[in-house]
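So the structure is just underneath, and the comments pick up after that.
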Amino acid sequence: MPPVMFDELLNRVGPRIKKTDTLFRRALSPGLKLAITLRHLATGDKYSTLQYDFRVARNSISKFLPEVCRAIVDEYKDEVISCPTDPNDWRAIADEFQKRWNVPHACGALDGKHVAIRCPPKTGSLYHNYKGFFSLVLLALVDADYKFLWIDVGGYGSNSDAQIYNASELKECLEDGTIGFPEPDPLPNDDQNMPYFLLGDDAFGLRTYLMKPFSIRGMSKEQAITNYRISRGDVWWKMHSEFWHRDGKYSFLLWDKYQTP
């Protein structure tokens, strides 16, 4: 991370994580706590390793690291992840989907990701997923450039993407119309109105506001063409590769984490 970016992050998050000195000991500086947290998130280093790198006891690291993560989220969540509510904003996203992926009226792509964790105490199989390991589920809605529009973090690994989506605020807004999608209008070279929709995979149910590919079994030529258009460029696979693997920025998500969910 460039020093300028670190200083900006420290200036914004510092007041949230600063502690008061006492008669017994001086509090750890916000800069030190932020540096340790970023090292852990970037490399996945264990507390036992970090305590020797920064000369801070690992029991102290285990206490303040979740607090720093929460402070970063609280400071940046409304700025970094903002779901549109205006029809013009959704229409701009749909235009970009049509331009880049050749899919008209698409307002976003929805998919989930299992993040490997250690089994939390006394949770049984609650976090055990169908892939055979313990995980949290990150469900995300992204635009044509893979930028987050909406996320749901912390779902049990035993839950499917559809279960988490069905219990989410996103579905509620889609069903009652408060999400602000534009009014239906014709597709290119057509004269019949077509609603705006999200793109999903087979895990989700087909709705007027949620488009999914046809089943492969017994698929006609026209349906195969539709599937190609919906899944053009392997949108969901690219979501995974862009979010969790690109440049190693999110590689820590692929490692077992030691915080309690």
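To convert, count from 1 in the sequence shown and add 245; that's the working numbering. The C-beta atom is built at its ideal place from N, Cα and C for all residues, glycine as well.
Asked, Found
"S307 to D340 span [Cα, whole Å]", "46 Å"
"Residue span of the alpha helix (DSSP H) that contains V249, given as start and end", "248-262"
"Endpoints, the beta strand (DSSP E) within which G399 is located", "393-401"
"Cα-Cα separation between L498 and N434, rounded to whole angstroms", "Here L498 scores only 49 on pLDDT, less than 50, and its place in the model should not be relied on; the value that follows carries that caveat. Near 44 Å, if we compare the C-alpha coordinates of N434 and L498."
"Minimum length 4: unbroken alpha helix (DSSP H) runs contained in the region 339-422", "406-411, 414-421"
"Cβ neighbour criterion (16 or more within 10 Å) applied to G450", "exposed"
"Test item: CB-CB of S405 and A448 under 8 Å", "yes"
"Span separating the alpha-carbon of A361 from that of A389", "27 Å"
"DSSP state of N438 mapped onto helix, strand, coil", "strand"
"Through-space distance from G377 to V258, alpha-carbon basis", "37 Å"
"Whole-angstrom distance between R303 and I475, CA atom to CA atom", "48 Å"
"Pairwise C-alpha distance: S380 and G425", "33 Å"
"Option in R261, L279, H359 with minimal Cα separation from L310", "L279"
"Start-end ranges of the beta strand (DSSP E) lying completely within the region 437-474, minimum 3 residues", "442-444"
"Of the residues N438, C314, E428, Y473, the one placed nearest L286, counting alpha carbons only", "C314"
"Cβ-based burial, L443 [other Cβ within 10 Å; buried from 16]", "buried"
"Inter-stretch contact (C-beta, 8 Å, three-pair minimum) for the region 325-343 and the region 366-374", "no"
"I306 - containing alpha helix (DSSP H), residue span", "303-325"
"Reference L386; option with closest CA among H373, T267, G289, D356", "D356"
"Cβ neighbours of E320 in the same chain (closer than 8 Å, five flanking residues each side left out)", "R257, V258, R261"
"DSSP bridge partner residues for P431 (one or two, in chain order)", "N438"
"Start and end residues, alpha helix (DSSP H) containing T294", "292-299"
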